[in-house]
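Below: the structure, in structure tokens.
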Amino acid sequence: MRSTALLAAVLGATVPVTAWDPFGHQTVGYLASKYFTPNATARLTSLIGLSPTFDIGDAAAWADTVRDREGLPWSKMWHFVNPRADDPTTNTCKLQYPSDCPRGNCIIDAILNQTRVVMDQSAGIAARRNATMWVLHFFGDLHQPMHASGYKAGGNLVRPVCFGPMETCNNGTVPGDKVWNLHSIWDSAIPRKLRGLKETESPETDKKAAMLWAEEIYERQQIEGIEEKEQCGSMGCVVDWAGESNRLVCQHALSKGEEWVLGHDLSGDYFLENAKVVESQVGKAGRRLGGWINALVDILDQFPPEEELTEEENYGGGDL
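For the sequence shown, the residue numbers in mature numbering (1 follows the signal peptide of the UniProt record, and there is no 0) are -19 to -1, 1 to 301.
Listed below in structure tokens is the structure:
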């Protein structure tokens, strides 16, 4: 989906939680980078300050590290959209944009607005660097179905659920033990089990696993000839992708009903039924992000390269 016209339209248009486990965001970042043009790779390296100690996977996971920072409570709203008409108990999953994005505080407008910041040469290098990392991150969130659901806070209030034997399931009475909710099952439990990862793996192990997963998805996409072909308006594709994620809640995440989800071990048949959905969404996120960044860089190439950031400005400094 390389469309300079799409990004140009975004720049000119008027547009009124938990997240994927870092492992998931890193995978999306690594996969997207495999679709980057050489110009896109060079531009992001310059703009973000990518290095062996802070690579594209780190950049894609960065937004969650600042989400709860003092003075940034507003950024939490950027990680999701909560369609108000959602009721999977009646098989109703329907995103209505822009009414479901009041005052522009949702992931759809966050992607569009932060894309504009990246392209705004007057915004300052630190702001543009941070905006680039917001975009990398939000593409991952956009493709996690529970981030596009308005039902019970995106599934956070569907709890406690079990991801293991029912007899050992923690209902919140065991201090220090993890209590799963449906949102965290999709964020973390399913992707980690799919790749054979424990919750307690080291950051280094997670990064290596994310690189491997991205490589496997990319190779499969190349064999299958998967390619984004649709052309979208300034916000059409982002809205469409959010709607696609939203529908997956009715089709998969809560297709058997909330009572069933609360009463069964989700690491069994539920995992087997939904693991492919998770992997498909990670694949779509990376592929689409790659196309978005390439189109963005086509516009940035009309301007001089970014100046180098100071050490203080890098990875969390500067204005957000």
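Ideal Cβ placement from N, Cα and C applies to all residues, glycine included.
Proximity of residue i and residue j at Cβ, strictly below 7 angstroms
i           : j           : result
residue 116 : residue 109 : no
residue 30  : residue 11  : no
residue 134 : residue 223 : no
residue 7   : residue 124 : no
residue 28  : residue 96  : no
residue 195 : residue 178 : no
residue 104 : residue 275 : no
residue 89  : residue 122 : no
Neighbour-count burial assignment, residue i, 16 or more Cβ in a 10 Å radius
i           : result
residue 176 : buried
residue 283 : exposed
residue 204 : exposed
residue 84  : exposed
residue 161 : buried
residue 211 : Its pLDDT being 46, under 50, residue 211 is placed unreliably by the model, and the measurement read from it follows with that caveat. The residue is exposed, with fewer than 16 neighbouring Cβ atoms inside 10 Å.
residue 234 : buried
residue 111 : buried
residue 325 : A question about residue 325 goes unanswered here, because the residues of the chain that appear run from -19 up to 301.
residue 247 : buried
residue 34  : exposed
residue 102 : exposed
residue 250 : exposed
residue 66  : exposed
residue 24  : buried
residue 226 : buried
residue 76  : buried
residue 281 : buried
residue 273 : buried
residue 206 : exposed
residue 244 : exposed
Rounded distance between the beta-carbons of residue j and residue i, thought under 8 angstroms
i           : j           : result
residue 120 : residue 59  : With a Cβ gap of about 12 angstroms, residue 120 and residue 59 do not count as contacting.
residue 5   : residue 63  : In fact, because the Cβ distance is near 20 angstroms, the residues do not count as touching under 8 angstroms.
residue 92  : residue 219 : 5 angstroms
residue 126 : residue 229 : 4 angstroms
residue 139 : residue 239 : 6 angstroms
residue 74  : residue 231 : 4 angstroms
Residue interval of the alpha helix (DSSP H) (run including residue i)
i           : result
residue 6   : 3 to 14
residue 302 : The requested residue 302 does not occur in the structure, where the chain is confined to residues -19 to 301.
residue 41  : 37 to 42
residue 204 : 184 to 205
residue 264 : 250 to 281
residue 97  : 88 to 100
residue 22  : 19 to 25
residue 150 : Element bounds for residue 150: n/a, residue is neither H nor E.
residue 172 : 171 to 175
residue 229 : 217 to 229
residue 180 : Careful: residue 180 lies outside any alpha helix (DSSP H) and carries neither H nor E.
The ligand FMN heavy atom lying under 6 angstroms from the CB of residue i
i           : result
residue 261 : Among the ligands in the structure shown, none appear at all, so the ligand FMN cannot be discussed.
Open item on the list: Quick test of the definition: if touching needs 3 or more C-beta pairs under 8 angstroms, does the segment 28 to 44 touch the segment 137 to 154?
Closed with: no
TODO: Could you tell me whether the segment 248 to 264 touches the segment 163 to 178, using the rule of 3 or more Cβ pairs below 8 angstroms?
DONE: Yes, they touch.
Open item on the list: Closer than 8 angstroms is the cut-off here; do at least three beta carbon pairs connect the segment 267 to 280 with the segment 11 to 21?
Closed with: yes
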